[in-house]
Amino acid sequence: MITITFPDGKQRQYEAGTTGYQIAESISPRLVSEVLAVSVNDKTMDLQIPIRENATVKFYKWEDEQGKQVFWHSSSHLMAEALEILYPGVKFGIGPAIENGFYYDVDLGGRALVEADLAAIEQKMLEMARSKQPFVRREVSKEQAMKTYLDKGDPYKCELIGDLEDGTISFYTNGSFTDLCRGPHVPDTSVIKAIKLTSIAGAYWRGDEKRQMLTRIYGITFPKKSMLDEYVAMMEEAKKRDHRKLGKDLELFTFSARVGQGLPLWLPRGAALRERLENFLKGVQKAYGYQQVITPHIGQKELYVTSGHYAKYGADSFKPIKTPQEGEEFLLKPMNCPHHCEIYKSKPRSYKDMPVRLAEFGTVYRYEQSGELHGLTRVRGFTQDDAHIFCRPDQIKEEFCKVIDIVLYIFKTLSFNEFTAQVSLRDPKDRNKYIGSDENWEKAEAAIIEAAAEKGLKTVVVQGEAAFYGPKLDFMVRDAIGRKWQLGTIQVDYNLPERFELEYIGADDKRYRPVMIHRAPFGSMERFVAVLLEHTGGKFPLWLAPEQVVVLPVSEKFNDFAKKVCDFLNNSELRASLDDRNETIGKRIRENELKRIPYLLVVGEKEEMAGTVSVRKQGEGDKGSMTKEEFVAFINNEVKHLTN
Ligand SMILES: [Zn+2]
Ligand SMILES: [Zn+2]
């Protein structure tokens, strides 16, 4: 007999060799109908694999991330089977699950696939899903595996097998299709009830641009039809909110092939928005004792050799800039931290000066592959809302609490109401790969966990996810349509203070190393504006909107009065503009509404006579008429309410 321990600590005895599926059956029929895979001693496995020793067992369902991954990966096998039936001779690369769905890279032998072909593949998949094909595992020797794929003529699988060790190789068969795979998979295909193949792209074999270009087919599947319907609706909404589209429609930013890929150009409205965000954060940071600094966009190569960034980014990034001076080399800065270390070092520091908090909206440059570039979220030049806190080890917790306060204030002000945090700790089994003493690590890890708890954060603690130089805390927000975005990282660093030999003088007159904390609540201005655009759909809160008010005279006769109103608003520190184009009032209202202008003021004869304006609010329509003074008070009151 073996003892199986469940997540709630309860234990039960089973015959050795009992499968996960049988254990689920012994618990409840409902569990059997929902379970997709099982974790045995922290290893995700097929439900059919016999368990021979005492083990801790956890069942994965659709609701669990691991359950979804197994479900989607199994779906990639199902798609491969359909492809093999519809496109005989197709060769297969890899077919993993991804964050939302799965893909398979395939070689169709010169046949081109278009979006219209996807429906036929989906149909075939559904047909086979309904026939309840089990996923059958078979262990094979390396020789057998190689022979199978040599016979089949699939060079990609042969290459993959070449990299595997004998004795670790398995095949899985569903229906007429067999794949090289280590698993796990769902028990059979009948759990896959709804299928959507979402797109087709090109992908180099093993990500190497010198090798064969394969066809990557993306898809997503669900255990219920209604879930697919919800997903499709969400994707449609996401398309409308795509920041690249909104950025263009709202005239916020653009790109120019002549300036270069991945180098955003901020248009006046975008620059105004960004400036407001910067000022907002500067204001908060000032209240929290940060000092603003400014550093150059380049630095000597030696600076980044010292910091270790050259070793990390040097080979795959922008090449050093040479000067007429023999041997002199500069790098575009990939990080602001080394510059800030030198500012810290510019004068002696005492324990009483700590913490030193240096902040900079610092622009950095990193070479991203052109295929990786994406709107404002993946760019080659971007501005971090960066700051570095140099503190004593005993100050880590307090500083974390303060940074968390700043992050929470930002989330609240910008209506990111749902978020989680992840604390990344070191791997306790492999302490050698981390820099810094055990004592410091333990203190810092405890400090982060305590700070997060004190601030009431919902956190997940993950061991082994810390950087080699220190533990960290990351924030993940859910946007208005349920997508998750990573925003804001707070990172402890023992490495740079060591590399730059940073010091402070203690109360005992001895020299000590400070701890460095990197933090960027927005991440970068580019990425944050992208997330904010997709979250708000371009309807920025009033205090942030690049233009808050547009004044619209109903006809040319009232242009003078409209201009006076507009001037009055601008003199009252609102951001207003006049739209007196020679277009119908209806058309002008529509166009300004599409630009997500929070307030439109319409003025005509009645308003001019009464000295009032007619107020229309974005998304709410007519708000009646007010005097211009009343309107200014009304707006100021709304802004005050939003930022407090
Ligand atoms: Zn598989
Ligand atoms: Zn940094």
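Position 477 of the sequence shown, counted from 1, bears residue number 476 in numbering that gives the first Met the number 0, the numbering being contiguous throughout. Don't be surprised by glycine CBs; every beta carbon is placed ideally from N, CA and C. Keep in mind it's a predicted model, so treat the numbers as computed, not measured.
Exercise. Near C180, what residues of its chain come up, given a Cβ to Cβ distance below 6 Å and the 5 sequence neighbours on each side ignored?
Worked result: Stepping through the sequence shown from its first residue, residue 180 is reached at position 181. Answer for C180: Y171, listed in chain order.
Exercise. Is H308 near ligand 1, judged by its Cβ being under 7 Å from some heavy atom?
Worked result: The residue given as residue 308 occupies position 309 in the sequence shown. No - ligand 1 has no heavy atom lying nearer than 7 Å to the Cβ of H308.
Exercise. According to the neighbour-count rule (16 or more other Cβ atoms, all chains shown, within 10 Å of its Cβ), is E533 buried or exposed?
Worked result: Within the sequence shown, residue 533 is the residue found at index 534, counting from 1. E533 comes out buried.
Exercise. For L577, which option in N558, H517, K594 and H184 has the closest C-alpha, if you only look at C-alpha atoms?
Worked result: Taking the first residue of the sequence shown as position 1, residue 577 is located at position 578. Looking at the Cα atoms, N558 is the closest of the given residues.
Exercise. Does DSSP classify I191 as helix, strand or coil?
Worked result: Stepping through the sequence shown from its first residue, residue 191 is reached at position 192. Of the three classes helix, strand and coil, the one that applies to I191 here is coil, per DSSP.
Problem set entry | the segment 386-395 touching the segment 501-520, judged by at least three CB pairs closer than 8 Å | yes
For this session: Pick out whichever of E62, K244 and R512 has its Cα sitting closest to the Cα of Y503.
Result: Sequence index remark: in the sequence shown, residue 503 carries index 504 (1-based). For the residues E62, K244 and R512, the minimum Cα distance to Y503 belongs to R512.
For this session: Excluding the 5 residues preceding and the 5 following N335 in the sequence, name in chain order all residues of the same chain whose CB lies nearer than 7 Å to its CB.
Result: By one-based count along the sequence shown, residue 335 stands at place 336. Once the five neighbours on either side are set aside, the close Cβ partners of N335 are T294, E359, G361, V363, Q383 and D385.
Problem set entry | For V612, the residue or residues it bridges with in DSSP | The residue labelled residue 612 in the question sits at position 613 within the sequence shown. V612 pairs with M625.
Exercise. Say the cut is 7 Å; is the CB of N431 nearer than that to a heavy atom of ligand 2?
Worked result: As a first step, residue 431 must be located in the sequence shown, where it is residue number 432. No - ligand 2 has no heavy atom lying nearer than 7 Å to the Cβ of N431.
Exercise. Which residues in the same chain as Y86 place their Cβ atom closer than 7 Å to its Cβ, once the five residues preceding and following it in sequence are excluded?
Worked result: Here residue 86 is taken as the residue at index 87 of the sequence shown, counted from 1. Closer than 7 Å at the Cβ level, and outside the excluded window around Y86, lie L107 and R110.
Exercise. Are at least three pairs of beta-carbons, each pair with one atom in the segment 452-471 and one in the segment 560-578, less than 8 Å apart?
Worked result: no
Exercise. Are there three or more Cβ pairs, one per stretch, closer than 8 Å when the segment 318-336 is compared with the segment 291-307?
Worked result: yes
For this session: List the residues that DSSP assigns as beta-bridge partners of H517.
Result: Along the sequence shown, one-based indexing puts residue 517 at 518. Partner(s): H387 and Q490.
For this session: Just the C-alpha distance for M127 and E464, rounded to the nearest angstrom, thanks.
Result: As a first step, residue 127 is located in the sequence shown; it is residue number 128 there, counting from the start. As a first step, residue 464 is located in the sequence shown; it is residue number 465 there, counting from the start. Approximately 40 Å, taken between the alpha carbons.
Exercise. Roughly how many angstroms separate the alpha carbons of E438 and K285, rounded to a whole number?
Worked result: In the sequence shown, counting from the first residue as 1, residue 438 sits at position 439. In the sequence shown, counting from the first residue as 1, residue 285 sits at position 286. Near 33 Å, if we compare the C-alpha coordinates of K285 and E438.
Exercise. Around the C-beta of V602, are 16 or more other C-beta atoms found within 10 angstroms, so that it is buried, or is it exposed?
Worked result: Residue 602 sits at position 603 when you count from the first residue of the sequence shown. Buried, because 16 or more other Cβ atoms sit within 10 Å of the Cβ of V602.
Exercise. CB-CB under 8 Å to R277, same chain, minus the five flanking residues each way: which ones, in chain order?
Worked result: By 1-based counting over the sequence shown, the position of residue 277 is 278. Correcting the residue identity first, residue 277 is Glu in this sequence and not Arg. Within the same chain, E277 has close Cβ partners F360, D384 and M524.
Exercise. Do K156 and F91 have their C-beta atoms closer together than 8 Å?
Worked result: Counting from 1 along the sequence shown, the entry for residue 156 is found at position 157. Counting from 1 along the sequence shown, the entry for residue 91 is found at position 92. Their beta carbons are under 8 Å apart, which means K156 touches F91 by this criterion.
Exercise. Does DSSP put W61 in a helix, a strand or coil?
Worked result: Sequence index remark: in the sequence shown, residue 61 carries index 62 (1-based). W61 falls in the coil class under three-state DSSP.
Problem set entry | Check whether T18 and P49 have beta carbons under 8 Å apart | Translated into positions along the sequence shown, residue 18 becomes position 19. Translated into positions along the sequence shown, residue 49 becomes position 50. Contact: yes.
For this session: Count the other CB atoms, across all protein chains shown, that sit within 10 Å of the CB of M608; report buried if there are 16 or more and exposed otherwise.
Result: Residue 608 sits at position 609 when you count from the first residue of the sequence shown. Counting Cβ neighbours within 10 Å, M608 comes out exposed, since fewer than 16 surround it.
Exercise. Per DSSP, which one or two residues make a beta bridge with G524?
Worked result: Your numbering for residue 524 matches position 525 in the sequence shown. For the record, residue 524 in the displayed sequence is Met; it is not Gly. According to DSSP, which records beta bridges pairwise, M524 is partnered with nothing at all.
For this session: Verify the CB distance criterion: does R29 have a CB-CB separation below 8 Å to chain B?
Result: Judged by its chain identifiers, the structure shown contains no chain B, having just a single protein chain.
For this session: Name the residue from R137, A271 and V105 whose alpha carbon lies nearest to the alpha carbon of A202.
Result: By one-based count along the sequence shown, residue 202 stands at place 203. Comparing Cα positions, the closest option is V105.
For this session: Could you pull out every residue in the same chain whose Cβ sits closer than 6 Å to the Cβ of F134, ignoring the five residues on either side in sequence?
Result: In the sequence shown, counting from the first residue as 1, residue 134 sits at position 135. If we look at F134 and ignore the five residues flanking it on each side, its Cβ neighbours are Y171, N173 and H184.
Exercise. Between the C-alpha atoms of A118 and V231, what's the straight-line distance to the nearest angstrom?
Worked result: Taking the first residue of the sequence shown as position 1, residue 118 is located at position 119. Taking the first residue of the sequence shown as position 1, residue 231 is located at position 232. Going from the Cα of A118 to the Cα of V231 covers about 15 Å.
Problem set entry | At least three beta-carbon pairs within less than 8 Å, the segment 303-311 to the segment 332-347 | yes
For this session: Look up P263 in the DSSP assignment and say whether it is helix, strand or coil.
Result: The residue given as residue 263 occupies position 264 in the sequence shown. P263: coil per DSSP, three-state reduction.
Exercise. Less than 7 Å between the CB of H387 and some heavy atom of ligand 2, yes or no?
Worked result: The sequence position of residue 387 within the sequence shown is 388, counting from 1. Yes, Cβ of H387 sits closer than 7 Å to a heavy atom of ligand 2.
Problem set entry | Identity of the residue in L573, L541, D426 and S198 nearest E637 by Cα | Locating residue 637 in the sequence shown gives position 638, counting from the first residue. Selected option, being the one with the closest Cα: L541.
Exercise. At a cut-off of 7 Å, is G157 close to ligand 2 when judged by its beta-carbon and the heavy atoms of the ligand?
Worked result: Locating residue 157 in the sequence shown gives position 158, counting from the first residue. The displayed chain sequence assigns Cys, not Gly, to residue 157. C157 Cβ: outside cutoff for every heavy atom of ligand 2.
Exercise. If you scan the segment 211-247 from start to end, which runs of the beta strand (DSSP E) of 3 or more residues do you find wholly inside it?
Worked result: 212-221
Exercise. Taking the C-alpha atoms as reference points, what is the distance between F527 and F521?
Worked result: Start at 1 with the first residue of the sequence shown, and residue 527 comes out as number 528. Start at 1 with the first residue of the sequence shown, and residue 521 comes out as number 522. C-alpha separation (whole angstroms): 6 Å.
For this session: Taking only heavy atoms of ligand 1 into account, decide whether any of them is closer than 7 Å to the Cβ of Y171.
Result: The residue you call residue 171 lines up with position 172 of the sequence shown. Within the cutoff, so yes.
Exercise. What residues match up with I511 in a beta bridge as DSSP calls it?
Worked result: Numbered from 1 along the sequence shown, position 512 holds the residue referred to as residue 511. The displayed chain sequence assigns Tyr, not Ile, to residue 511. Beta-bridge pairing links Y511 to Y503.
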